[in-house]
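Protein chains in written order, with this note's numbering: chain A, 1 to 215; chain B, 1001 to 1215.
Reviewing the structure listed below.
Protein chains: 2
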Amino acid sequence: MPDYKLTYFDIRGFGEPIRQLFHLANTPFEDIRLPFQDQLPGKQTPQWLEIKKALPFGRLPVLTVDGLDIPQSAAISRYLAKKFGFAGKTPEEEAWVDAIVDQSKDFAEQFRALIYATKLEFPEAEIQKIREETFIPGRDLWFSILARRLTSNPSGFLVGNGLTWADLSVADNLYTLEGWGLLGKEHGELIEYRKRIYALPELREHIEKRPECSV
Amino acid sequence: MPDYKLTYFDIRGFGEPIRQLFHLANTPFEDIRLPFQDQLPGKQTPQWLEIKKALPFGRLPVLTVDGLDIPQSAAISRYLAKKFGFAGKTPEEEAWVDAIVDQSKDFAEQFRALIYATKLEFPEAEIQKIREETFIPGRDLWFSILARRLTSNPSGFLVGNGLTWADLSVADNLYTLEGWGLLGKEHGELIEYRKRIYALPELREHIEKRPECSV
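Here is the structure:
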């Protein structure tokens, strides 16, 4: 078995679906968690800047497989999902998994703007502007895409008739939105979906034991 | 052979690497090009809004394969690259191709901010601010990543010892930057690389015949 080391921050974020893939596959990995606070824009510590210099793209997560560094969260997740059997069952399913993940990343950028404005304590009016003009339109489009997808797919998963890494990525992001009070009862089907993924036997122990974190 | 239809705008943008993959594989496809102007923010035409409603994610490109719609440019390119043999030769090469493409998309967002500000004729001071604060830092990081990659890989391609869809995507974006005067002589190695990819015999005819476009 290869030697796996995941380097990310002490948050869920883009690293959590990667951790979950290892748990689903019952495959050991080294889970290195650096302080998220150390890299916030304008608050970067010398320790972080030193680490950053050595990273392939200056960012985390990075997965190291027998000494080979692989950057970019979706590239890492897809690599493991293919190895472990969660990438989709046909080329068309794989393409749809990829499409959903990329769409979710587009939305994540809009959500990230709101998270950073909040964490960096921007003036309330500015946070409000980001919420109204960037976050809400992005979220509404994204939720409508997800709801349509779940309605049209009777399996209860986003693609095909089984779990894929798109489900891991989407469910964890929905969990974050719930925690921020941004996923309400009017989207009950999305809350149900998130709970269904979180209740998977292979994930439950990991999810119960993982450190609490708002992002 | 499946029936392929690509719907995109009358620009290169995120659709051009998809078109190039078809040409590389000598595989016919229907190349539908809608007016890019019709969807500019604040200038959307009723025709575009009608088309947008019917798209899986409300955006283009969409590839239709025997009636199945696949959205998201990277998902489409990867799907075809795997079919046609340009996705990388090992799982690790595939992951690096994916990582480079995602990093290039992160930079493309920063470039896009500048393109839209210019096309929508923002006030000069605002364009300048986007250029200095968003575009230039993003470009400098991206160029340093590319230069390092090309120096460390003796094949002249970004990943492994042959052409991948990462090369198509990166080379076309570099061509756009050249056209905008944003890729200068100090990055001669990137200009050389772009010319090398554009000179591939399977691409030359397509590139010579395609409509001129700044993006």
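Even glycine gets a Cβ: it sits at the ideal position worked out from N, Cα and C.
Counting only the Cα atoms, residue 1154 of chain B lies some 43 Å from residue 114 of chain A.
Cβ neighbours of residue 141 of chain A within its own chain (closer than 8 Å, five residues either side excluded): 107. Shortest Cα-Cα distance from residue 76 of chain A to any of A/183, A/202, A/8, A/203 involves A/8.
Counting only runs of 3+ residues, the beta strand (DSSP E) found wholly inside the segment 1062-1145 of chain B occupies 1062-1065, 1068-1071, in chain order. Rounded to whole angstroms, the gap between the alpha carbons of residue 33 of chain A and residue 128 of chain A is 31 Å. In the DSSP assignment, residue 1033 of chain B falls within the unbroken beta strand (DSSP E) covering 1030-1034. Between residue 210 of chain A and the set A/1, A/15, A/3, the nearest pair of CA atoms involves A/15. In the displayed model, residue 57 of chain A falls within coil according to three-state DSSP, outside both helix and strand.
In chain A, no part has a C-beta under 8 Å from the C-beta of residue 1140 of chain B; the shortest such distance is about 11 Å. Rounded to whole angstroms, the gap between the alpha carbons of residue 1041 of chain B and residue 1048 of chain B is 12 Å. DSSP, read as helix, strand or coil, puts residue 1043 of chain B in coil. A direct Cα-to-Cα measurement between residue 1203 of chain B and residue 1158 of chain B gives close to 17 Å. In the DSSP assignment, residue 1006 of chain B is bridged to B/1031, B/1063. The DSSP-derived three-state label of residue 1173 of chain B is helix. Distance check between residue 37 of chain A and each of A/95, A/10, A/97, A/61 places A/10 closest, using alpha-carbon atoms only. Straight across, the Cα-Cα distance linking residue 179 of chain A with residue 214 of chain A is about 7 Å. Within the segment 1041-1069 of chain B, those residues whose Cβ lies closer than 9 Å to any Cβ of chain A are, in chain order, 1056, 1057, 1058, 1059, 1063, 1065, 1068. Judged by DSSP in its simplified three-state form, residue 19 of chain A adopts helix. Taken through DSSP and simplified to helix, strand or coil, residue 199 of chain A comes out as coil. Taking 7 Å as the CB threshold, residue 79 of chain A lines the interface with chain B.
Excluding the 5 residues flanking it on each side, residue 1090 of chain B has same chain C-beta neighbours closer than 8 Å at 1160, in chain order.
Put simply, the CB of residue 1074 of chain B is near chain A, with a gap under 7 Å to one of its CB atoms.
In terms of Cα proximity to residue 110 of chain A, the closest of A/54, A/99, A/62, A/177 is A/177. Relative to residue 54 of chain A, the option among A/201, A/71, A/65 whose CA is nearest is A/71. For residue 20 of chain A, not one C-beta of chain B is nearer than 7 Å to its own C-beta. In terms of beta-carbon proximity, residue 71 of chain A lines the interface with chain B, with at least one pair separated by less than 7 Å. A Cβ-Cβ distance of about 11 Å is found for the pair residue 168 of chain A and residue 194 of chain A, leaving them out of contact under the 8 Å criterion. Beyond the five residues adjoining it in sequence on each side, residue 1093 of chain B comes within less than 7 Å, by CB distance, of 1159, 1160 in the same chain, given in chain order. Of the other Cβ atoms in all chains shown, fewer than 16 fall within 10 Å of the Cβ of residue 1181 of chain B; this residue is therefore exposed. Ranking B/1206, B/1133, B/1171 by CA distance to the CA of residue 1143 of chain B puts B/1171 first.
Non-local beta-carbon contacts of residue 1149 of chain B in its own chain, meaning distances under 6 Å to residues more than five positions away in sequence, involve 1158 in chain order. Between residue 6 of chain A and residue 208 of chain A, the alpha-carbon positions lie close to 20 Å from each other.
Using a Cβ-Cβ cut-off of 7 Å, residue 1145 of chain B is close to 57 of chain A, given in chain order.
At the C-beta level, residue 1024 of chain B and residue 1080 of chain B stay beyond 7 Å of one another.
If you draw a straight line from the Cα of residue 18 of chain A to the Cα of residue 105 of chain A, it comes to about 15 Å.
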